[in-house]
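Start counting the sequence shown at 45; every next residue gets the next number (this note's numbering).
Every residue gets a Cβ at the ideal spot worked out from N, C-alpha and C, and that includes glycine.
Here the structure is a predicted model, which means the values were calculated and not measured.
Step one of this worksheet: look at the structure below.
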Amino acid sequence: MERAFRKLKDVLELRPIYHHNPKRVRAHVFVAALAFLLDRLLEKKLKAANLPFSSEQAWAALRTIHLVDFSFGSEKRRGVTAGNHQARQILSALRISAREP
Numbered sequence: 045m046e047r048a049f050r051k052l053k054d055v056l057e058l059r060p061i062y063h064h065n066p067k068r069v070r071a072h073v074f075v076a077a078l079a080f081l082l083d084r085l086l087e088k089k090l091k092a093a094n095l096p097f098s099s100e101q102a103w104a105a106l107r108t109i110h111l112v113d114f115s116f117g118s119e120k121r122r123g124v125t126a127g128n129h130q131a132r133q134i135l136s137a138l139r140i141s142a143r144e145p
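Structure (structure tokens):
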């Protein structure tokens, strides 16, 4: 549990909470714990797919995927970039294929 909390503080940057309302404090900690859960789930999926990425590397690779706005003449469209090779491997391991905006 200590190791998990340390990672929660380091990776997810759980800093001192400056909320004064107890509901907001609970919500803040809930969101941080949910992010930690997603991080652990990502690590588990990467390991099951035999991908050599840490969760930090995976999140960095996924940040290469972007939402872009473009236009053809007067027609405006929105699309999602494919990301780098690692991002595509990770999406495949997570069984995410459609990248609709």
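Can you tell me which residues form a DSSP beta bridge with Arg-122?
By 1-based counting over the sequence shown, the position of residue 122 is 78. DSSP lists Asp-113 as partners of Arg-122.
Length of the line joining the Cα atoms of Lys-217 and Glu-100
Outside the shown range of the chain (45 to 145) lies residue 217, about which nothing can therefore be said.
CB of Ala-137 within 8 Å of CB of Leu-82, strictly:
For this step, residue 137 is matched to residue 93 along the sequence shown. For this step, residue 82 is matched to residue 38 along the sequence shown. No.
Nearest residue (CA-CA) to Ala-126, options Ser-118, Leu-86 and Ala-105
Working through the sequence shown from its first residue, we reach residue 126 at position 82. Cα-wise, what sits closest to Ala-126 is Ala-105.
In chain order, what residues of the same chain have a beta carbon less than 6 Å from the beta carbon of Asp-113, not counting five sequence neighbours either side?
Residue mapping note: residue 113 aligns to position 69 of the sequence shown, counting from 1. Counting only Cβ-Cβ distances below 6 Å, and skipping sequence neighbours, we find Arg-122.
Between the C-alpha atoms of Ala-131 and Leu-86, what's the straight-line distance to the nearest angstrom?
Residue mapping note: residue 131 aligns to position 87 of the sequence shown, counting from 1. Residue mapping note: residue 86 aligns to position 42 of the sequence shown, counting from 1. If you take the alpha carbons of Ala-131 and Leu-86, they lie about 13 Å apart.
Throw me the rounded Cβ distance for the Ile-140 and Val-124 pair, which I believe falls under 8 Å.
On the sequence shown, residue 140 is found 96 positions in, with the first residue counted as 1. On the sequence shown, residue 124 is found 80 positions in, with the first residue counted as 1. The Cβ separation is near 11 Å, so there is no contact.
Excluding the 5 residues flanking Leu-74 on each side, which residues of the same chain have their C-beta closer than 8 Å to its C-beta?
Taking the first residue of the sequence shown as 1, we reach residue 74 at position 30. The question names Leu, but residue 74 in the sequence shown is Phe. Cβ within range, chain order: n/a, list empty.
Cβ atoms of Ile-134 and Phe-97: under 8 Å apart, would you say?
The residue you call residue 97 lines up with position 53 of the sequence shown. The residue you call residue 134 lines up with position 90 of the sequence shown. Yes. Within cutoff.
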